[in-house]
Each structure stands twice: as structure tokens, then as C-alpha cells.
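Everything on this sheet refers to the single structure shown next.
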Ligand SMILES: [K+]
Ligand SMILES: [K+]
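Protein chains in written order, with this note's numbering: chain A, 1 to 440; chain B, 441 to 880.
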């Protein structure tokens, strides 16, 4: 029996793992008992990529096209993808933490005492336990709405599916109109949004909030994330409330309480969640443009969310202000942000813009029936792994579906592997410790 | 008689000068003998802003709505705006030159020996003489086409108007379909494009090319501009040729020779010129998206052109490559580009994106009849002071026209005044020397 060393770098491992589950899932969804009617290989691939990257864009109706088995495959991929990304992102923070919140690494090391492989496993274990507790608790809350509606069995199942989908910011729903049927339901609106905000703010932020005894002790990253999330959500709420107030297809038909719930939900969902309780196909174009910005920004680092990340957006905004004020340093909360971070934030955003632009350029050549705005919306949604759509996903051409598949994959794994590469202290690849494996 | 000191900073002086001529022009265009039919104050303001910022977007048909007097007003504003911008930009390079082509300042000082006010005046004199010689020479070339067509008087006048409009990258034409009537004319295509490429590459580049005896002597800025201009034009030519080849509304109907001329012209015009020999309202959406990118990039620094500038685009591209390759330095032509320049290029681009995005957001609220793509096209055209349009300028709402006016103004003066502010060695404002003025 020979000892072997896996020579894949962590980003390579991540990519290979993702591809493995995406292809495995595709195979499973092609089984005769996975779908109610046969779906194409491409549609199966699209679905599993969307699930594994926790995007939520759907070419087939999740609740209608799949059997229970098919739905469980999708749900499993969401859970694997979401937790996988989170674990990997936390790993980056921990092992090679060079991101904005310089304290996280130390914090996590103290909190979880992982300086060895055992530590890493322990950390991931904590993450898993935390996720399952949150998801389990949310199932109970969601069941109070859905068990009375669908009965025990179906009601619990629907609750589990949506709890997993929401916490992992996947945006997949068993209802063909997402959560539009629950536009005014406090329990659904609040539980689902609580889940995806918690999942989207980043595990390190949660650990920091848990561990820190005073506000002063909080890391810069945590402060930016908490205050930034609050501010951007309040601003988005007000904008959507005002912009859609008189739209007969969205808010105008609703009661004031429903208007508030709907504005709140559509304010928080674009930064990666991907559920919707209003129809994006009927929104004002100004709202859609603003939503595109929110989708591009995305959620937090080391979270189930996507996009360029809120901290990146904050750094860019601050650097623009510094530029206009002719200041050389960027300061926030009595801390200076390192030049290297600013450069990274700007370069990452530019690369993201380029990715979106390139995808859009090719889609313009293949999708003649879709409006330009709906294509921009779709591409940014795929890049930010958001899952919102103006309704064109199902009618994309084959090439169009391939483009969106690539964008979802690049949007989810690109920034992470980039961040990983850049946070390496030197050019050496990390070698995994030797360990016996069974080779027969 | 008291001595006075003008206390305006150079950027303030530039803004005030521009506003003065825009408002003066508006007054002149409202005179009864300036127009064939009365035009509104807003349309007069739009026209003079477009002329003074050498944009070329038109709410009225320049050749039809104005009398000879009105046309001369427009032509004069183009000349004043174009030369004014060029002089000011050259001044920045010379007095406080901190841009990419670090050699320019020295070069210009050596070449023109301007260390005093006299030197500045001398430099601007050279610039003016050069411009008039080029424009005069072009008039002769254009006249070989237009004098046979329109007779001596009209033919010469049309040649003068288009020569001034082209050299200053203004894009105003006396023909309601711009240069679509001359899609296959070698003399018109080549003369007009030669004018706007020369005007758009930047005066310092021309001085450098004139003064340098060997290629090695050329500044980095000159090398980037010359090679960059060549490459981007070749790429744009090939893309448009391929993308539009089968479009029955553009290239498909033309002979091969005309196809080549048309592809060439539409390849070079978006980077600020603004003339067109094909109808942008009928182009493929992929071409339009690519054209939007070209318009955003724009021409050279210290030129009559706009946009974020070709050098900025090159620096951004190189920094993205460096980022992906995990390199800390950006090198080109055996030179390293300073971190501060990279930061500036990235910040300036982000601010530009923000400006375009904000304008678009408000236009989405006011222009319900225009497609999203046509609005993006219009805003980027205004920002880059290009003047191309998919045909919606005339039917913009009053608020829409105001938004485009602001974007043209900000697009032309914003980057320059920013560049000026940022190239100041310290916070002190430059004080103009005291000089007697007549106060009665
Ligand atoms: K999502
Ligand atoms: K122009």
C-alpha cells in the first residue's frame, strides 16, 4: 500500500468538487424517476449548476418538472454547494486570512483552536452544526404557515426545502411563482429573509458577533458588514417603496402593510437570495436598474452569497470619495484600509464588469427575442448567483443557457479562487498532509 | 487704477468660460434670424452645450433648423470648445504634468520654452496655428468632393463646417443623415477620419512624434497612444465587419469596397468623433454593445476627444492582467506604471460608470418610450462626448434633455478638472500673475 499526496491546490480542489457534484447531479436528474417529463441533458446541467452554485435560475419549473427524488437531488446540491462554499471561504479567512477584517484569522484561531487539520475539521463541524440548527429552527417557523396549508407531510417537506434554499441563498422555490403567493405573510417574509440575511452576512461575522463582548472588540470587517447591510437594506426598501408605489402590476394593488412587506422583501432579496414576492417582469425599469446594482454588489465574504461583496463595494465607494477629495488614505471607523485591498477591490470589480459585459455581448448575438434590459438583468443575476429573472430563463437558446451556466460557475467560484490565490503569502501551493487511502 | 488678481482656480475658470459661451450661444440661437423656425430655449441650450462640449448630439436638425448665422454660431462654439479643451489639457500636461507620459512636460518645456506666461501664450499659439493649418488643408481635400456637388460657395462652406467639426471631434454635420450619403466615398471617409484621429490622439503625442528622432526617444504615453489607437481600430474594424456583414440594414446591401469603408468608419468614429455613415438605429445589438464600450473608452488625453481615455483603458486592462497573474507591478514597454496612476485610472473609471449609471437611472423614470439599450447608448455617447445616437435624442422629454446636457458637461469637464486637481503638487491654488486691466 503506497502513501499518496493529493497535489491539487485548494482552488483546483474546489473546482473539481463542484464539477463532480454538478455532473453527478445531472446524471441523477436524467434518471427516469427524477422528472415528471423527460428533460434535456442541457436543462439538467443548467439545473444542477444553478443548484450547486446556489443561484436559483431555473429553466424548468422546480416544483412541477421534478419528482420528489428530483427535488431531493436539487435540495442536496444546494446544501452541498452552500456549505462547501462557506467552508472554503472560511478556510481562506482562517488559513491565509488577508481580507479586510484582519482580526478574523486570529479570532477564528482563538475561537476554534484550529492550527492543524483537526482544527479545520472542527471549524467546518461548527459551521455545519450552526447551519443545521438555524435551518431546523426555521423549518419549525415556516411549518406554522405551511403545515396548516398543505398538511403535515407536504407542509414539513415544503418547509425543509425552503429553509435549506433560503439559508444557502439559493432562491429555488417549489412554487412556480416563487413566494408571490405569500407577499403579505409575516412569517414567510421574515423567516425566509432572516435565513438568507444570516447566511449571506458571512460566518466570520457571526463568530465575531458571538465572541466579542463589546462593540469596540468587533473587527472592522464585522462593523462594515453589519452597518453596511443595515444601511443598504434601508435605502433599498425606501427606493423600492417609492419607485413601485404607483405601479399597478406590483405595489399599487396591495394594502399598505403588504406594500411594506413587499418593498422590504424585494429590497433584501437581490443581494443574492433570489426569492421574489413581486413579479420582476412587471417592475419599473428604474427599479430593475437599481436591482441590477444590488445584485452586482451581493452579500458578504465567507457566506452563501455572491456578487463582488458588500465590503468590496464599500471600499470602492470610499476610494472614489477619497479620489474626489484628493486624499491618499481611506479611513473608516478609525482604521486605514491598505492600498493593496483597494487595488484588489477595484481590479475585482473591473474584472466582474468585464465578465458581465462579455457574456452580454455573446447573448446579444444569440437571444434576439429577449430585451436588452432583461439580458443585463439575467447576466448580472447569474454572475451574482442571485437567481432573480425577468422571466426569460426558460426561453433562452441552447447557447444562451451555456453562457449562463458558465457565468454562474465563474460568478461563484471565480472571486473565491481569485481571493484565495491572492491571499497566498507566497507562491507555494499548500500540500495536504499525507494520509493512507484504500487502494484495494 | 487698482491692480486686481483673478482668484479663480484654473478648473473654475474653465467651467465659467464654458458656461459663458454656452449661454451666450443660446442667446444667439434664440435670435429670430438664427433659425428657420423658432426653437425652444431648452433646445437652444442643448445645441450650444453639445457644440461647446464638442459632443454632436442634436435635438434639432443642424442643417435644416438653423440659418447660415445659426450654423456659424454652432461652428464657432465647436472651434472655441475644441481648442479651449485642448489648450487647457495641454496646460495641465505642461504645468503640472503628472500623467502617464512623464516625459511630456520636459518635452514641451524644451520644445516651446514656456516657463512664463509668455511661454503659455506661445504654446497655445502653436496649437492654434497647427489646428488651423490642418483644418485648412482638410477643407481643400473635402472641397474636391463637395464643390463639384454643391458649387463653389456652398461646397466650400460645407467643407469648412465639416473640417472644423471633424478636427474638434464634434460630430455635427449639415446633413440630416450625417455622412450616410458618403458611405463609399474615399475622400470623405479618409479626410474626416484623419481629422478626428489627429484631433483625438492628443497634442502632446503629436509634439512628441514631431520632436523625437528615434522610436526609443518617444515617451511611454506616445507609444501607448500610437500602438493602442492602431490596435483598437483594427480590432474594431474586424468586429464590425463580421458582426454587420449579414445585416440587411447596414453592410449586406453594400459592395465589398463600401463594406470595408463603412466598417472602417464605424470602427473609428465611436471613440469620440460622432459622425456616422451607417444607421445606428438599425445595427446589430452586439455591435451596439461593442460601440458603447468604444465610446466609453474614448480618445487620447490633451485632445478634442472624450471618454475615460485610451491610456486609462490600457492601464486598467494591464492592471486586471497583473491582478490575475498576481503581479504587483504593471510593466509596459520596459517601464513600470506608478501605483498612483493605476489607482487614478481605476477610480476615474468607477466614477465614470457611476455617472453613467445615475443618469441612466433617472432617464429610466422619464423616458418610457425609448428602449433601455438606446438609453444606455445615448448616455454613454453624452458622457464620452461622442454624439452618436440610436435616434432618440430629438424625442427626449424636457427632463431627459436636461439630464443629457448635464452628462455632456460633466463628461467633458469632469475628468479634466479632476485630472487637474489631482496633478496639483500641493493644495495651493495657482495664482495668476497680476496685470493691469482697464476699469474705466
Ligand atoms: K441565489
Ligand atoms: K463628438
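By construction, the Cβ of each residue, glycine as well, lies at the ideal position given by its N, Cα and C atoms.
Buried or exposed (CB count within 10 angstroms, at least 16 for buried), residue i
i: residue 458 of chain B; result: buried
i: residue 766 of chain B; result: exposed
i: residue 176 of chain A; result: exposed
i: residue 441 of chain B; result: Because the pLDDT of residue 441 of chain B is 45, which lies under 50, any placement of that residue in the model is unreliable, and the number read from its coordinates should be weighed accordingly. Label assigned to residue 441 of chain B: exposed.
i: residue 221 of chain A; result: buried
i: residue 809 of chain B; result: exposed
i: residue 80 of chain A; result: buried
i: residue 149 of chain A; result: exposed
i: residue 481 of chain B; result: exposed
i: residue 225 of chain A; result: buried
i: residue 169 of chain A; result: buried
i: residue 245 of chain A; result: exposed
i: residue 125 of chain A; result: exposed
i: residue 657 of chain B; result: exposed
i: residue 651 of chain B; result: exposed
i: residue 11 of chain A; result: buried
i: residue 116 of chain A; result: For residue 116 of chain A, the predicted model reports a pLDDT of 48, less than 50, meaning its position is unreliable; a value from the coordinates is still stated below. Looking at its Cβ environment, which holds fewer than 16 other Cβ atoms inside 10 Å, residue 116 of chain A is exposed.
i: residue 699 of chain B; result: buried
i: residue 195 of chain A; result: buried
i: residue 702 of chain B; result: buried
Proximity test, residue i beta-carbon vs ligand 1 heavy atom, cut-off 6 Å
i: residue 74 of chain A; result: no
i: residue 578 of chain B; result: no
i: residue 386 of chain A; result: yes
i: residue 199 of chain A; result: no
i: residue 55 of chain A; result: yes
i: residue 624 of chain B; result: no
Near ligand 2: residue i beta-carbon under 6 Å from a heavy atom
i: residue 851 of chain B; result: no
i: residue 63 of chain A; result: no
i: residue 610 of chain B; result: yes
i: residue 854 of chain B; result: no
i: residue 712 of chain B; result: yes
Closest by C-alpha distance to residue i, when choosing among the options
i: residue 379 of chain A; options: A:368, A:361 and A:223; result: A:361
i: residue 674 of chain B; options: B:523, B:757, B:709 and B:601; result: B:709
i: residue 746 of chain B; options: B:725, B:771 and B:789; result: B:789
i: residue 202 of chain A; options: A:75, A:388 and A:299; result: A:299
i: residue 467 of chain B; options: B:743, B:488 and B:571; result: B:488
i: residue 477 of chain B; options: B:763, B:502 and B:796; result: B:502
i: residue 144 of chain A; options: A:159, A:278 and A:134; result: A:159
i: residue 725 of chain B; options: B:840, B:817 and B:614; result: B:817
i: residue 721 of chain B; options: B:620, B:754, B:640 and B:630; result: B:620
i: residue 806 of chain B; options: A:343, A:302 and A:287; result: A:287
i: residue 514 of chain B; options: B:523, B:529 and B:492; result: B:492
i: residue 344 of chain A; options: A:278, A:260, A:313 and A:72; result: A:313
i: residue 86 of chain A; options: A:247, A:211 and A:206; result: A:206
i: residue 322 of chain A; options: A:278, A:339, A:310 and A:309; result: A:339
i: residue 131 of chain A; options: A:146, A:174, A:413 and A:78; result: A:78
i: residue 736 of chain B; options: B:681, B:644, B:848 and B:633; result: B:848
i: residue 55 of chain A; options: A:401, A:388 and A:397; result: A:388
i: residue 844 of chain B; options: B:632, B:831 and B:497; result: B:497
i: residue 208 of chain A; options: A:342, A:219 and A:383; result: A:219
i: residue 414 of chain A; options: A:390, A:354, A:371 and A:154; result: A:354
According to DSSP, residues forming a beta bridge with residue i
i: residue 331 of chain A; result: A:336
i: residue 66 of chain A; result: A:35
beta-carbon residue i near ligand 3 non-hydrogen atom, thresh 6 Å
i: residue 147 of chain A; result: Ligands present in the displayed structure are limited to ligand 1 and ligand 2, and ligand 3 is not among them.
Closer than 7 Å to chain D by CB, residue i
i: residue 364 of chain A; result: Although the question refers to chain D, the structure presented lacks it and instead comprises the protein chains A and B.
Residues of the region 747-763 of chain B whose Cβ lies closer than 7 Å to any Cβ of chain A, in chain order:
756, 759, 760 and 763
Identify each residue in the region 278-291 of chain A for which the Cβ-Cβ distance to at least one residue of chain B is less than 9 Å, and report them in chain order.
284, 285, 286, 287, 288, 289 and 290
Contacting positions in the region 393-410 of chain A - beta carbon closer than 8 Å to chain B:
none
Using a Cβ-Cβ cutoff of 8 Å, what residues of the region 810-833 of chain B are near chain A? List them in chain order.
811, 812, 813 and 816
Any residues in the region 249-269 of chain A with a beta carbon nearer than 8 Å to a beta carbon of chain B? Which ones, in chain order?
none
Any C-beta of chain A within less than 8 Å: which residues of the region 781-795 of chain B qualify?
782, 783, 784, 786, 787, 788, 789, 790, 791, 793 and 794
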